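Everything on this sheet refers to the single structure shown next.
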Amino acid sequence: MPDTAVAPDATRTSGATLEVRDLTTSYGPVRALDGVSLTAAPGRITAVLGANGAGKTSLLRTVSGLVRASSGTVLLDGADVTRAAVESMVGRGMAHVPEGRGVIAELTVEENLRVGALFRGKVGREEFDRVYDLFPRLVERRDNPAHTLSGGERQMLVIGRALLARPRILLLDEPSLGLAPRIVAQIFGLLRQLVDAEGLSVLLVEQNARSALSVADVGIVLNLGRVVATDDARTLMADEDLRHAYLGF
Ligand SMILES: Nc1ncnc2c1ncn2[C@@H]1O[C@H](COP(=O)(O)OP(=O)(O)O)[C@@H](O)[C@H]1O
Ligand SMILES: [Mg+2]
């Protein structure tokens with residue numbers, strides 16, 4: 003039987019605009035986000051930076067609907083998704099890759115991708131090929147169980163799994179954590195290629211501000227749940243006082 007997958011739809015491959023307005027999120031008495039506003043635009047890598055505990059993960063979890071905002075608004079292409087159910091966000095074009103590179107250890111790379119695809123409706127062979135084209139390393143590892151992968155390969159696998167849904171906006175939580183600088187540069191370089199080729203939006207959360215700013219277009223610096231700076235990445239990189247105060251380099 004021929005592959006019945008639908009042809010790639012140009013409207014789905016372009017990016018979505020995410021607007022976060024005055025977002026506040028609390029865990030009981032702990033206010034993790036305090037009036038955060040930002041925009042992530044198509045064709046751009048928007049980096050959210052800040053120390054451990056700054057609120058980066060809370061931001062991604064609130065945006066993707068895993069955590070309920072106390073106040074504020076999340077707009078996706080102008081539609082209010084602040085109270086949208088987390089299950090509906092994939093259909094709306096959002097993919098969230100959480101911290102920690104969770105894969106099913108006993109399954110192979112290909113099987114992990116297939117499991118990811120199960121939750122995403124119809125995924126054609128060309129969607130898998132697109133992931134393998136982006137990450138040729140995964141082709142070599144295709145039939146190997148995920149527990150044999152290096153940290154970098156696992157990170158490629160979880161990003162690849164998220165891309166199977168053809169998201170219009172990709173949220174990445176600390177993809178560089180624990181990886182060697184060379185591998186981080188490789189993954190970020192591939193991410194840049196993908197964004198330039200397909201125009202999707204990427205919201206990249208990183209403690210590793212130096213690497214993130216070297217690939218990002220725009221940076222937002224969080225401190226204790228508040229935005230302390232928003233600017234283009236080059237300007238933030240050049241701001242020595244800001245770097246020393248908040249970015250750790
Ligand atoms: N599930 C939770 N329950 C209570 N407090 C939390 C929870 N998750 C995060 N926090 C607190 O919220 C703040 C922001 O945490 P987080 O969003 O994980 O920051 P980051 O990802 O920048 O390290 C921290 O003070 C953290 O201790
Ligand atoms: Mg975090």
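Read in order, the letters of the sequence shown correspond to residues 3 to 251 in the numbering used here. Ideal placement from N, C-alpha and C gives every residue a C-beta, glycine not left out. Keep in mind the model is a prediction, meaning the values are calculated, not measured.
In the structure shown, the three-state DSSP call for E128 is helix. Distances taken from the Cβ of L61 to the heavy atoms of ligand 1 include one shorter than 8 angstroms. Apart from sequence neighbours up to five positions away, no residue of its chain approaches G93 with a beta-carbon distance below 8 angstroms. Judged by beta-carbon spacing, L77 lies within the 9 angstroms limit of R23, meaning their Cβ atoms are closer than that value. Scanning its chain for C-beta atoms nearer than 6 angstroms, with the 5 sequence neighbours on each side dropped, one finds around R228 the residues D36, in chain order. V105 has its alpha-carbon roughly 11 angstroms from the corresponding atom of T150. Ranking T84, S72, E176, N114 by CA distance to the CA of L205 puts E176 first. For the segment 92-156, the continuous alpha helix (DSSP H) assignments of 4+ residues that do not extend past its boundaries occur at 111-120, 127-136, 138-143, in sequence order.
By the criterion of at least three beta-carbon pairs nearer than 8 angstroms, the segment 70-89 is not in contact with the segment 51-58. In this structure F251 is exposed. Its beta-carbon is surrounded by fewer than 16 other beta-carbon atoms within 10 angstroms.
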